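Visitor:
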Amino acid sequence: MINITLPDGNIKSFDQAISGLDLARSISEGLARNCVAMELDHRLVDLNARIDRDATVRLVTTKDPEALQVMRHSAAHVMAQAILRLYKDAKLTIGPVVEDGFYYDIDMPPVSEEDFPTIEAEIQKIIKAKLPLRRREVTKAEALEFYRNEPYKLEMIQELPDGTISVYEQGEFTDLCRGPHVPHTGLVKAIKLLKVSGAYWRADPTRAQLQRIYGTAYFDKKELDAYLTFLEEAKRRNHRKIGQALDLFSFHDEAPGMPFFHPKGMVIWNALLEYWRSEHRAAGYVETKTPIILNRSLWERSGHWENYRENMYTTSIDETEYAIKPMNCPGGMLLYNRKPHSYRDLPLRAAEIGLVHRHELSGVLSGLFRVRAFHQDDAHIFMTPEQIEQEILGVLRLVERIYGAFGLGFHLELSTRPKKSIGTDAQWELATHGLKSALNAYGRDYKLNEGDGAFYGPKIDIHIKDALGRTWQCGTIQLDMSLPERFNLHFVDRDNERKRPIMIHRVIYGSIERFLGILVEHFAGRFPLWMSPVQAVLLPMNDELSAYAEEVKSRFDAAGLLTEVDSRTESLNRKVREAQLNQVPLTLTLGAKEKESGTLAVRTLDGKVTYGITHERFIAAVSENIRQRAISFDGF
Ligand SMILES: [Zn+2]
Ligand SMILES: [Zn+2]
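Sequential numbering of the sequence shown, starting at 521, is according to the numbering used here.
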């Protein structure tokens, strides 16, 4: 008798070994049709695997999250099979599942997206044939013999330990693979090839260049379509494209990975910083500024020279070695130590907009998202152990206010002590307890990442969610038990004892460059008035009105508004269209009537026009919207 325990606690008994599929059928045919794999004694395996002893089994259906991973891996096999049918000399390497899809690295002549329809047609044939995927276990010697003409597979097999190796077969196709897989190719319901790029075998530029073909697959055509729409929308919002169209920033070969900000980009930059400063002043922070080049002995003391050297730019001045700072912390430590501190000074919240440089490989640079030079909105908070909870709570509230101003949601993750760490059990206990009780007092759910903290302390990471539902880790609150030791920080407590302060590093924007890039995509270039590089454009109806438009503009300039006059001899329609394409929030048309009555016709980006707005009323309404840093302008 074989007793199978199901998730609901029910036990089903069989008098002989059965497969997961048989088990599903014994429950219902409908269930069997939607089963993809099973969890056998907590291990994900093929649905066709045999259950030959008492076990706990959870059937994995198309509704379960892991089902998608299993099916996408099968989809990678299906794609590889189709390619081998079409390109006889192609040689397979590896084809893993990645976030949102899969890829396969194949040694074959270069392909382009124009080849995708042919490959996809072949893929559809394989899906329609509902080929069963069968697992076979072979010895290493058998595998070596089987793959004798497949150089990449041979190399991989040779590196495996002796013992059995699993391969999966579907029709004429066989792949070296751990599995698990869906029972048949018909379960790859909706599949699409997405892009192709070059990749080196084993990421080694001295070895063969391969074609990396990306695809994605879903159980449901509707879900695939939604994902493709999302990709289109992400492409439309690409910050590099919008940054160029709106003339915000650029990159130049003379400084790879180091953005140049244009006048319009600087308006957004300054709006972000002015907002940041006003919030930080209100939250009791002081602002500091430290040099970007500091000598080697400082970096040795902080530990960066030993642990972070490859990412640091160095230089030598007067025969002494210096490094360009990759982080602001050591400078912040010197500032703290410039004078003795008493418990009365604590908490001390010292913020710094610090320009840091980190050497990133040229291949990973990506617009404003991955750069070599960026500004952090850093702050170091020095406090007594009793102040941890209150201070962290204060940072969390500041985070909520600042992200809220951009309409960004967020979630929190707490990472605790890793295996390798410095500090005593008591210190970690105190620190982790402080972070946890702050999170509990804050009252929002958070995700716990056990053992994921830094070696010098636990941390809270803050992940924002943009308008497309994408998440980005921007903010972090990091407790540090190392630097106060290394820099011998002290304060004199109530009892006249010299004690070590507790210290945190925290950022909210993170990298201001990256945050700005995220905002470009989040707003799709349609910034709220308070961040807009141009708040309104004035369109005189004819040449005679151009001088009047300039007059109105200087009145708006004096009121602190950012306006432009478009007096080109283009049609009004065309100028309106261009202003809207440039995402200027307000378009003001000036005709003879407007001049006579001293009013404006105001058009918002949704196309609504309001006539007869006096200059005073316009200035008052727009200024108030900007003062409030409102996310939208609802008109008059
Ligand atoms: Zn595989
Ligand atoms: Zn720091």
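For glycine and all other residues, C-beta sits at the position ideal for the given N, C-alpha and C.
Quantities reported herein were computed from a predicted structural model and do not represent experimental measurements.
1) Compute the Euclidean distance between the alpha carbons of ARG553 and VAL708, then round it to the nearest angstrom.
2) Does ARG756 come out as helix, strand or coil in the three-state DSSP assignment?
3) At which residues does the beta strand (DSSP E) containing ASP1077 begin and terminate?
4) Mind checking GLU839: buried by the 16 CB within 10 Å criterion, or exposed?
5) When you compare the CB positions of GLU642 and ALA602, do they come within less than 8 Å of one another, or not?
6) Would you call MET1023 buried or exposed, if buried means 16 or more other Cβ atoms sit within 10 Å of its Cβ?
7) Between which two residues does the beta strand (DSSP E) holding PRO1060 run?
8) Quick one: Cα of HIS983 to Cα of ALA587, how far?
9) Hey, TYR966 and ILE942: beta-carbon distance below 8 Å or not?
10) Using the Cα positions of ASN969 and ASP1000, report the straight-line distance between them to the nearest angstrom.
11) Quick one: grab the DSSP three-state call for PHE894.
12) For LEU707, does the three-state DSSP call read helix, strand or coil?
13) To the nearest angstrom, report how far apart PHE1007 and TRP825 are at their CA atoms.
14) Check the DSSP bridge columns for ILE626 and list the partner residues they point to.
15) In the DSSP assignment, the beta strand (DSSP E) including TRP1050 goes from what residue to what residue?
16) For ARG801, which of ALA871, SER886, LEU567 and SER1117 has the nearest alpha-carbon?
17) Could you pull out every residue in the same chain whose Cβ sits closer than 6 Å to the Cβ of LEU766, ignoring the five residues on either side in sequence?
18) Given a cut-off of 8 Å, decide if ILE571 and ALA544 are closer than it, judged by their beta-carbon atoms.
19) Below 8 Å on the Cβ atoms is my contact criterion, and I expect GLN731 with VAL631 to pass it. Report the Cβ-Cβ distance as a whole number of Å.
20) With distances taken from CA atoms, which of GLU1071, LYS645 and GLU743 is nearest GLY1118?
21) Starting from ARG605, follow the beta strand (DSSP E) in both directions and report where the run begins and ends.
22) Assuming PRO850 contacts TYR828 under a Cβ cut-off of 8 Å, what Cβ separation, rounded to an integer in Å, is found between them?
23) Is GLY735 close to ligand 1? I mean its beta-carbon at under 7 Å from any heavy atom of the ligand.
24) Which of helix, strand or coil does DSSP assign to PRO725?
25) How long is the line joining the alpha carbons of ALA719 and GLN729, rounded to whole angstroms?
26) What is the residue span of the alpha helix (DSSP H) that ARG1137 lies within?
27) To the nearest angstrom, how far is it from the Cα of LEU950 to the Cα of VAL702?
28) Among the candidates ILE812, ASN1016, GLY1030 and GLU679, whose CA atom is the shortest distance from the CA of SER862?
29) Starting from CYS1165, follow its DSSP beta bridges and name the residues at the other end.
30) Would you list the residues whose beta-carbon is nearer than 5 Å to any heavy atom of ligand 2, in the order they occur in the chain?
31) For PHE534, which three-state DSSP category applies?
32) Considering only the beta carbon of each residue, do ALA1140 and TYR1131 sit closer than 8 Å?
33) When you compare only the Cα positions, how much space is there between VAL1142 and VAL1057?
34) Which complete alpha helix (DSSP H) runs does the region 641-709 hold, if anything under 4 residues is left out?
35) Please report the distance separating the alpha-carbon of ASN758 from that of GLY989.
36) CB-CB under 8 Å to LEU1092, same chain, minus the five flanking residues each way: which ones, in chain order?
Guide: Straight from the coordinates:
1) Counting from one through the sequence shown, the residue named residue 553 turns up at place 33. Counting from one through the sequence shown, the residue named residue 708 turns up at place 188. Taking the straight line joining both Cα atoms gives about 13 Å.
2) Taking the sequence shown and counting its residues from 1, the one referred to as residue 756 is at position 236. If DSSP states are grouped into helix, strand and coil, ARG756 belongs with the helices.
3) Residue mapping note: residue 1077 aligns to position 557 of the sequence shown, counting from 1. Element bounds for ASP1077: not the beta strand (DSSP E) but the alpha helix (DSSP H), 1066-1078.
4) Here residue 839 corresponds to residue number 319 of the sequence shown, with the count starting at 1. GLU839 comes out exposed.
5) Residue 642 sits at position 122 when you count from the first residue of the sequence shown. Residue 602 sits at position 82 when you count from the first residue of the sequence shown. Going by C-beta atoms, GLU642 is nearer than 8 Å to ALA602.
6) Against the sequence shown, residue 1023 aligns to sequence position 503. By the 10 Å Cβ count, MET1023 comes out buried.
7) In the sequence shown, the residue the question calls residue 1060 occupies position 540. Counting along the chain, the beta strand (DSSP E) containing PRO1060 begins and ends at 1056-1060.
8) Here residue 983 refers to the residue found at position 463 when the sequence shown is read from its first residue. Here residue 587 refers to the residue found at position 67 when the sequence shown is read from its first residue. Whole-angstrom Cα-Cα distance: 26 Å.
9) Start at 1 with the first residue of the sequence shown, and residue 966 comes out as number 446. Start at 1 with the first residue of the sequence shown, and residue 942 comes out as number 422. Cβ atoms of TYR966 and ILE942: not closer than 8 Å.
10) As a position in the sequence shown, residue 969 is number 449, starting the count at 1. As a position in the sequence shown, residue 1000 is number 480, starting the count at 1. So the alpha carbons of these two residues sit roughly 18 Å apart.
11) Start at 1 with the first residue of the sequence shown, and residue 894 comes out as number 374. Strand at PHE894.
12) Taking the first residue of the sequence shown as position 1, residue 707 is located at position 187. Correct three-state label for LEU707: helix.
13) Taking the first residue of the sequence shown as 1, we reach residue 1007 at position 487. Taking the first residue of the sequence shown as 1, we reach residue 825 at position 305. Approximately 15 Å between the Cα atoms of the pair.
14) On the sequence shown, position 106 is the one that residue 626 refers to. Bridge partners of ILE626: LEU612 and GLN731.
15) For the purposes of this step, residue 1050 is taken as residue 530 along the sequence shown, with counting starting at 1. Run containing TRP1050: none; DSSP gives neither H nor E here.
16) Indexing the sequence shown from 1 puts residue 801 at position 281. It is ALA871 whose Cα lies nearest to the Cα of ARG801.
17) By 1-based counting over the sequence shown, the position of residue 766 is 246. Here the set comprises GLY1045.
18) Counted from its first residue, the sequence shown places residue 544 at position 24. Counted from its first residue, the sequence shown places residue 571 at position 51. Cβ distance not < 8 Å, so ALA544 and ILE571 don't count as in contact.
19) Against the sequence shown, residue 731 aligns to sequence position 211. Against the sequence shown, residue 631 aligns to sequence position 111. Sure, about 6 Å apart at Cβ, within 8 Å.
20) The residue you call residue 1118 lines up with position 598 of the sequence shown. Taking only the C-alpha atoms, the option nearest GLY1118 is GLU1071.
21) For this step, residue 605 is matched to residue 85 along the sequence shown. No beta strand (DSSP E) contains ARG605, which is instead part of the alpha helix (DSSP H) from 585-606.
22) Taking the first residue of the sequence shown as position 1, residue 850 is located at position 330. Taking the first residue of the sequence shown as position 1, residue 828 is located at position 308. Contact doesn't hold; Cβ gap of about 11 Å is too wide.
23) Residue numbering aside, residue 735 sits at position 215 when the sequence shown is read from its first letter. No, the beta carbon of GLY735 sits no closer than 7 Å to any heavy atom of ligand 1.
24) Residue mapping note: residue 725 aligns to position 205 of the sequence shown, counting from 1. PRO725 falls in the coil class under three-state DSSP.
25) For this step, residue 719 is matched to residue 199 along the sequence shown. For this step, residue 729 is matched to residue 209 along the sequence shown. The alpha-carbon atoms of ALA719 and GLN729 are separated by roughly 6 Å.
26) Indexing the sequence shown from 1 puts residue 1137 at position 617. It spans 1135-1147 - the alpha helix (DSSP H) in which ARG1137 sits, taken as one unbroken run.
27) Here residue 950 refers to the residue found at position 430 when the sequence shown is read from its first residue. Here residue 702 refers to the residue found at position 182 when the sequence shown is read from its first residue. Using only the alpha carbons, I get a separation of about 48 Å.
28) The count along the sequence shown starts at 1 and reaches residue 862 at position 342. Of ILE812, ASN1016, GLY1030 and GLU679, the residue nearest in Cα terms is ASN1016.
29) Outside the displayed range of the chain (521 to 1156) lies residue 1165, so it cannot be described from this structure.
30) CYS849 and HIS1025
31) In the sequence shown, residue 534 corresponds to position 14, counting from 1. In this structure, PHE534 counts as strand in the three-state DSSP scheme.
32) Along the sequence shown, one-based indexing puts residue 1140 at 620. Along the sequence shown, one-based indexing puts residue 1131 at 611. In this structure, TYR1131 does not lie closer than 8 Å to ALA1140 by Cβ.
33) For the purposes of this step, residue 1142 is identified with residue 622 of the sequence shown, where counting begins at 1. For the purposes of this step, residue 1057 is identified with residue 537 of the sequence shown, where counting begins at 1. Between VAL1142 and VAL1057, the C-alpha separation is close to 13 Å.
34) 660-666 and 671-679
35) By 1-based counting over the sequence shown, the position of residue 758 is 238. By 1-based counting over the sequence shown, the position of residue 989 is 469. Approximately 15 Å between the Cα atoms of the pair.
36) Locating residue 1092 in the sequence shown gives position 572, where the first residue counts as 1. Cβ within range, chain order: LEU1059, MET1061 and THR1109.
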